[in-house]
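Colleague:
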Amino acid sequence: MTHQGLRDKLLRLMTEQGSVRSPQWRDAVAVTPRHEFLRGGYFRWVEGSSPTAWEPVMPDDPHWLTGCYSDVSLVTQIAGTIVPGEIRGQILRQPTSSSTFPGLVVRMLEDLEVVDGARVLEVGTGTGYSTALLCHRLGDERVTSVEVDAGVSARAAAALAQVGHAPHLVVGDGLAGHKDGAPYDRIIATCGVLTIPQEWIAQVGPGGTILATVCGWLYSSELARLTVREDGSASGHLLGGQISFMLARPHLPPPLGMLPDTGAGVERATSVGADVLDDWTARFVAQIAAPRAQRVTLDANEHLLLDVEAGTWALVYREGQAWRVRQGGPARLWDDVESLIARWREAGAPDLDRFGLTISPDGEHRYWLDTPDCPLSLDG
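For the sequence shown, my numbering assigns the number 4 to the initial residue and increments by one for each residue that follows.
As C-alpha cells, this is what we get:
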C-alpha cells in the first residue's frame, strides 16, 4: 500500500476512535505525511526481551512505512544521543525521544481548542509531526516550537522544510517557554511535567489555555487543560484517558543510589496495602501525597517507597493476609499516602476525569474533586 493509502487508513481509524473530531484537524492529518518525519528510522521493541531491547527500523526495511502509519508511539532516540542509523543489532538503553502515537497527538490538538488566528507555543518539537499539523491549521507564522535537544530540533527543521513548513523553532529549555514570542493564546506540551512552570502561565494571556500532562515519579499521569486568569493563576480539569508522555528531562527522578537500611524504623499495621499502587488513579493520588517518592518493588509482598532528596522511606509489606509498614527518615511518607487514599475512597474513589488542578499566582499546585472548593490535599 502507498503512503497515501496508509495515511487514509490511519485517518479512518482515528476518526472511528474519536481522536479526530473536527474537519480542520481531519484535513491536517490527511495532507501531512508522517513518514517524512521518520526518515531517520525508528526503534522497534524486541518482543520478549528482558531487559527491554530495541532494534532499528530504517526506510529500507519492508515494515518501515507500515510502522510509520501505525497508531503507536515510535522511539526515535535512545540514551540522549543515539539514533537508529547508528545502531546495528540491538541496544539495551532508555528511550529519550519519540514520535507520539498519532491518535494521541490529534486528540490533544482537538482538546487544545484553537481558533483561527491563535498563536501557539509547543513545548517539545520532537520529530516535528505535531508541529506540522499545527502549521497546517494555523499558519507557520503562528507556531513556535521549543526543543531542548539541538540534534532533534535540526532533524525536525529539515523534515518540516521537506513538507513545506517553516515555523519558528527554538532550541532551549521548554520549561522556560519562549518569552520573546509571548503572549501566546495556547501552550501545548508533548512531554510530561511534575508541575506546571510559572513561566508558561506568565507567557499565556488571560483566558488562554495550557494543555500538558502532569506526572509523578510513581508513573501515573493525566492530561490537564488549564485556563489562565488575570491574577496569574491557572485552573482547570484533568481530561481522563490515562495519558502519559516521557518526562521533561529536568523533571526526571534522581538516581536511587544505595537503598536505606529498612531493618530499623517505626513499624505499624496499615489499612492501605502497597497493592493500591497497582491502580492508575490511586497511584496518582499517592503522588499528590508524596510528590517526590519513587517505588521499588523488592518482591511481590514487599515494596519500598523512597524520597531520595528528603531521605524518607516507607517499607510496605504483607504479613499473612495483612499489610504492615515500617518507616524511617524525617517524615512519615506512608502516613501521608494512607491519609489521602482514605479521603479519595471516602469520596467514592472517583476517576481522574473528576479531578482538577488550580495553580496559585505564587505557584502552589492544589488538586480538587469536581470543583475547586473540594480540595484533595493533606491540608484540605
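For glycine and all other residues, C-beta sits at the position ideal for the given N, C-alpha and C. Here the structure is a predicted model, which means the values were calculated and not measured.
With respect to the alpha helix (DSSP H) encompassing SER156, which residues constitute its N-terminal and C-terminal limits?
Modeller: Unbroken alpha helix (DSSP H) run through SER156: 153 to 165.
Colleague: What does the Cβ neighbour count give for ASP264, buried or exposed, with the cut at 16 atoms within 10 Å?
Modeller: So ASP264 ends up on the exposed side.
Colleague: The alpha helix (DSSP H) spanning GLN206 covers which residue range?
Modeller: From DSSP, GLN206 is part of no alpha helix (DSSP H); its letter is neither H nor E.
Colleague: Please report the Cβ distance between LEU308 and ARG298, rounded to the nearest whole angstrom; I am assuming they are in contact, meaning their Cβ atoms lie under 8 Å.
Modeller: About 6 Å; that satisfies the 8 Å criterion.
Colleague: My guess is that ALA215 and ILE199 are in contact by the Cβ rule of under 8 Å, so how many angstroms apart are they, rounded?
Modeller: Confirmed, Cβ separation roughly 6 Å.
Colleague: I'd like the list of long-range same chain contacts for LEU136, defined as Cβ closer than 8 Å, with 5 residues on each side in sequence excluded.
Modeller: Result list for LEU136: TRP28, ALA31, VAL32, THR35, VAL108, VAL109, LEU112, in chain order.
Colleague: In angstroms with no decimal places, state the Cα-to-Cα distance between LEU357 and ASP373.
Modeller: Contrary to the premise, residue 357 reads as Arg rather than Leu in this sequence. Cα-Cα distance, rounded: 5 Å.
Colleague: Quick one: using the 10 Å Cβ neighbour count with 16 as the cut-off for buried, is THR84 buried or exposed?
Modeller: So THR84 counts as exposed.
Colleague: Does the Cβ of ASP310 have 16 or more other Cβ atoms within 10 Å, making it buried, or fewer, making it exposed?
Modeller: Under this definition ASP310 is a buried residue.
Colleague: Which term fits GLU233, buried or exposed, when burial requires 16 or more other beta carbons within 10 angstroms of its beta carbon?
Modeller: Its Cβ having fewer than 16 others within 10 Å, GLU233 is exposed.
Colleague: Given a cut-off of 8 Å on the beta-carbon distance, is the pair LEU336 and THR361 in contact?
Modeller: Cβ atoms of LEU336 and THR361: not closer than 8 Å.
Colleague: Grouping DSSP H, G and I as helix and E and B as strand, with all else coil, what is CYS377?
Modeller: It is coil, neither helix nor strand.
Colleague: Is it true that the stretch 44 to 54 meets the stretch 8 to 15, where meeting means three or more beta-carbon pairs spaced less than 8 Å apart?
Modeller: The answer is no - the stretch 8 to 15 does not touch the stretch 44 to 54, with fewer than three Cβ pairs under 8 Å.
Colleague: Quick check on the DSSP output: the alpha helix (DSSP H) that includes CYS138 runs from which residue to which?
Modeller: Note, CYS138: alpha helix (DSSP H), 132 to 141.
Colleague: Return the bridge partner residues of TRP316 from the DSSP annotation.
Modeller: In the DSSP output, where bridge partners are listed per residue, TRP316 has LEU309, GLY331.
Colleague: For LEU355, which residues from the same chain have a beta carbon less than 7 Å from its beta carbon, with the 5 sequence-adjacent residues on both sides left out?
Modeller: Taken in chain order, the residues that qualify are GLU225, LEU241, GLY243, THR284, PHE287.
Colleague: Is it the case that the Cβ atoms of ASP114 and ARG37 are separated by a distance below 8 Å?
Modeller: Not in contact: ASP114 and ARG37 (Cβ atoms no closer than 8 Å).
Colleague: At which residues does the beta strand (DSSP E) containing HIS181 begin and terminate?
Modeller: Neither: HIS181 is in no beta strand (DSSP E) and is coded neither H nor E.
Colleague: Can you find the residues in the same chain that come closer than 6 Å, C-beta to C-beta, to ALA169, ignoring five residues on each side of it along the sequence?
Modeller: Same-chain partners within the cutoff: ASP143.
Colleague: Please return the same chain residues whose Cβ sits closer than 6 Å to the Cβ of VAL126, not counting the five positions on each side in sequence.
Modeller: Result list for VAL126: VAL149, GLY177, ALA192, in chain order.
Colleague: So, using beta-carbon positions, are GLY211 and ASP183 closer together than 8 Å?
Modeller: No. Outside cutoff.
Colleague: What residue range is occupied by the uninterrupted beta strand (DSSP E) comprising SER342?
Modeller: First-last for SER342: 336 to 349, but that is the alpha helix (DSSP H), not the beta strand (DSSP E).
Colleague: Using three-state DSSP, classify PRO105 as helix, strand or coil.
Modeller: Helix, per DSSP.
Colleague: Check this for me: beta carbons of ALA159 and VAL174, under 8 Å apart or not?
Modeller: No, these two residues do not count as a Cβ contact at 8 Å.
Colleague: With distances taken from CA atoms, which of GLY331, ALA293, VAL207, THR99 is nearest VAL190?
Modeller: In the sequence as displayed, the identity of residue 190 is Ile instead of Val. Nearest of GLY331, ALA293, VAL207, THR99 to ILE190, Cα basis: VAL207.
Colleague: Name the DSSP bridge partner or partners of ALA272?
Modeller: Answer by DSSP bridge pairing, in chain order: ARG327.
Colleague: When you compare the CB positions of GLY331 and ALA313, do they come within less than 8 Å of one another, or not?
Modeller: In this structure, ALA313 does not lie closer than 8 Å to GLY331 by Cβ.
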